[in-house]
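Those protein sequences? They're chains W and Z, same order as listed. FYI, my numbering numbers position 181 of the first sequence as 181, with every residue one higher than the one before it. FYI, my numbering numbers position 157 of the second sequence as 157, with every residue one higher than the one before it. Glycine included, C-beta positions come from ideal geometry on N, C-alpha and C. Just so we're clear, the structure is a prediction, and the values are computed from it rather than from any experiment. What follows is one structure encoded as structure tokens, with my remarks underneath.
There are 2 protein chains.
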Amino acid sequence: MSSATPSVPRLFGFIAGSDGPWRVERITPVVGEPVPPATRISVVADAAVELPANASWSLRGITSNERYVEREEKTTLVAKQEGLGRPAATRAALIPIRKNAAWWALTQDERRAVFEAQSQHIAIGLKYLPAVARRLHHCRDLGPSEPFDFITWFEYAPADSAAFEELVHALRSSPEWNYVDREVDIRLALDPA
Amino acid sequence: MSSATPSVPRLFGFIAGSDGPWRVERITPVVGEPVPPATRISVVADAAVELPANASWSLRGITSNERYVEREEKTTLVAKQEGLGRPAATRAALIPIRKNAAWWALTQDERRAVFEAQSQHIAIGLKYLPAVARRLHHCRDLGPSEPFDFITWFEYAPADSAAFEELVHALRSSPEWNYVDREVDIRLALDPA
């Protein structure tokens, strides 16, 4: 069976241990079970399923089509957002979350209503563009027993750290977060060897 | 990292070769590349990634949350639909499809508009309930190089074969199918050894 060969990587691994360009500043379990400690993290495109021998743990996620964004919102987002890898963006956050069974039992219109009408998820994110760049990875459909449903990777400059705290605080205070039953907040500083 | 242990299987494998309770009646490549021949197919829950030694080929997919159905539609569907495995439902169809890049670049509101306002995908399916039972499996986010995006498994009684032909014809004639760039239609009859 031939397979589509994607030109742009979609599957990313986040490998935690004692190696990697991103130094762990703190790991905060926000809700639910924490992750084991680590001092360094590397982000690997087209990640193999196997964990490197010197890794402590790893997570993986795949970029996919957007589930909630509508055309007008997309146009506004694309006009304001910047990509990952900006030289000044030497701070990062790796935030895996899991949503509960009640969330996944909602229909599309109900999930969209919680996500935007009630929680302003897109509008909140827009406020912090272009300062905060992000890439969303989906995990739930990689297999039947992934530990998280989503992994978001954020990058920002040290001067925007306070703004980033506002962003995560606003999202965690929203009705959407009533459906989050596991979240870990891992903060990182770029510190290549 | 602990994992959620699902009580209901989500990952299914469709294993084609010379074994299995479902006898292949025909394999029709509708659009795009065909699949190799096979005489029997088995459906396996919680499928291992590895292909059994005597298999010709296999596909896999994972059940997930619905992407387009709204609450009112869901209520109507649930009231009318029946499950897989009915003793009289001795005919099946295994129909893997792939959608093109233009589909995946649409926003949620645009995809919903093609799916239902333009194509009546849900309304067409509803017409053939409870005669046709189905289970939709997603493949696209299992990994970056799956050969198909979706696999649907349908079951119906021999007396409903003509109705099933109407159903697939109606969907293939809809605007949504302009985005389908690979589809194979595999018809099966239950014939346990």
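Using only alpha-carbon positions, find the residue among Z/P158, Z/N100, Z/A189, Z/A93 that is nearest to Z/I151. Translated into positions along the second sequence, residue 151 of chain Z becomes position 151. Among Z/P158, Z/N100, Z/A189, Z/A93, the Cα nearest to that of Z/I151 is on Z/A93.
I'd like to confirm the pairing. Which residues does DSSP put opposite Z/A16 in its beta bridges? For the purposes of this step, residue 16 of chain Z is identified with residue 16 of the second sequence, where counting begins at 1. Z/I41, Z/W57, per the DSSP bridge assignment.
According to DSSP, which residues form a beta bridge with Z/E155? One-based indexing of the second sequence puts residue 155 of chain Z at position 155. BP columns for Z/E155 point to Z/A92, Z/A133.
Return the residues of the segment 57-71 of chain W that lie within a Cβ-Cβ distance of less than 7 angstroms from chain Z, sorted by chain order. W57, I62, S64, N65, E66, R67, Y68, V69, E70, R71
Whether or not the segment 56-66 of chain W and the segment 10-17 of chain W are in contact is what I'm after, with contact meaning three or more pairs of Cβ atoms, one per stretch, closer than 8 angstroms; do they touch? yes
Do we get a CB-CB distance below 7 angstroms when we pair W/H138 with the residues of chain Z? Taking the first residue of the first sequence as 1, we reach residue 138 of chain W at position 138. For W/H138, the answer is yes, since a Cβ of chain Z falls inside 7 angstroms of its Cβ.
If we count the other Cβ atoms within 10 Å of its Cβ and call it buried at 16 or more, is W/K80 buried or exposed? Your numbering for residue 80 of chain W matches position 80 in the first sequence. So W/K80 counts as exposed.
Under 8 angstroms by Cβ, that's how I've got W/T63 and W/L136 pegged, so tell me the actual separation to the nearest angstrom. For the purposes of this step, residue 63 of chain W is taken as the residue at position 63 of the first sequence. For the purposes of this step, residue 136 of chain W is taken as the residue at position 136 of the first sequence. Confirmed, Cβ separation roughly 7 angstroms.
Just list the residues that DSSP pairs Z/K99 with in beta bridges. Position 99 of the second sequence holds residue 99 of chain Z. Z/V180.
Chain-order list of residues whose beta-carbon lies under 6 angstroms from that of W/I107 (same chain, five-residue window excluded): Here residue 107 of chain W refers to the residue found at position 107 of the first sequence. The amino acid occupying residue 107 of chain W in the given sequence is Thr; Ile does not appear at that position. Beyond the five residues adjoining it in sequence on each side, W/T107 comes within less than 6 angstroms, by CB distance, of no other residue in the same chain.
If the cut-off is 9 angstroms on Cβ atoms, which residues from the segment 23-42 of chain Z count as contacting chain B, listed in chain order? You won't find chain B in this structure, because its protein chains are W and Z.
May I ask you to list the residues that DSSP assigns as paired with W/L51? In the first sequence, residue 51 of chain W corresponds to position 51, counting from 1. Looking at the DSSP assignment, W/L51 forms no beta bridge with any residue, so it has no partner.
Which class does W/P29 belong to by DSSP, given the choice of helix, strand or coil? In the first sequence, counting from the first residue as 1, residue 29 of chain W sits at position 29. Strand.
Within chain W, partners of Z/E116 - CB distance below 7 angstroms: Residue 116 of chain Z sits at position 116 when you count from the first residue of the second sequence. Those within 7 angstroms of Z/E116 in chain W number zero; the least Cβ separation is about 10 angstroms.
What residue range is occupied by the uninterrupted alpha helix (DSSP H) comprising Z/L84? Residue 84 of chain Z sits at position 84 when you count from the first residue of the second sequence. It is not in any alpha helix (DSSP H) - Z/L84 carries neither H nor E in the DSSP assignment.
Counting only the same chain and skipping the five closest in sequence on each side, list residues whose C-beta sits under 7 angstroms from that of Z/D46. On the second sequence, residue 46 of chain Z is found 46 positions in, with the first residue counted as 1. The residues are P9, L11.
Check for me: the alpha helix (DSSP H) holding Z/Q118 runs from which residue to which? In the second sequence, counting from the first residue as 1, residue 118 of chain Z sits at position 118. No alpha helix (DSSP H) contains Z/Q118, which DSSP labels as neither H nor E.
Just the C-alpha distance for Z/E183 and W/E33, rounded to the nearest angstrom, thanks. Here residue 183 of chain Z refers to the residue found at position 183 of the second sequence. Here residue 33 of chain W refers to the residue found at position 33 of the first sequence. Between Z/E183 and W/E33, the C-alpha separation is close to 42 angstroms.
Closer than 7 angstroms, CB to CB, is W/P144 near chain Z or not? If you number the first sequence from 1, residue 144 of chain W lands on position 144. Chain Z, which has a Cβ nearer than 7 angstroms to the Cβ of W/P144, makes this yes.
Quick check on DSSP: helix, strand or coil for W/L167? One-based indexing of the first sequence puts residue 167 of chain W at position 167. DSSP places W/L167 in helix when its eight states are reduced to three.
Contact defined as beta carbons within less than 8 angstroms: I believe W/E166 pairs with W/A89. What is the distance between those atoms, to the nearest angstrom? In the first sequence, the residue the question calls residue 166 of chain W occupies position 166. In the first sequence, the residue the question calls residue 89 of chain W occupies position 89. 17 angstroms between Cβ atoms; not a contact.
Distance cutoff 7 angstroms, beta carbons only. Does Z/L11 sit that close to anything in chain W? Position 11 of the second sequence, counted from the first residue, corresponds to residue 11 of chain Z. Yes, its Cβ sits closer than 7 angstroms to a Cβ of chain W.
May I have the straight-line CA-CA distance separating W/I186 from W/I27, to the nearest angstrom? The residue you call residue 186 of chain W lines up with position 186 of the first sequence. The residue you call residue 27 of chain W lines up with position 27 of the first sequence. Distance between the alpha carbons of W/I186 and W/I27: 4 angstroms.
Starting from W/R112, follow the alpha helix (DSSP H) in both directions and report where the run begins and ends. Indexing the first sequence from 1 puts residue 112 of chain W at position 112. First-last of the alpha helix (DSSP H) with W/R112: 108-112.
Between W/K74 and chain Z, is the shortest Cβ-Cβ distance under 7 angstroms, so that the two count as touching? Residue numbering aside, residue 74 of chain W sits at position 74 when the first sequence is read from its first letter. With 7 angstroms as the cut-off, W/K74 counts as an interface residue toward chain Z.
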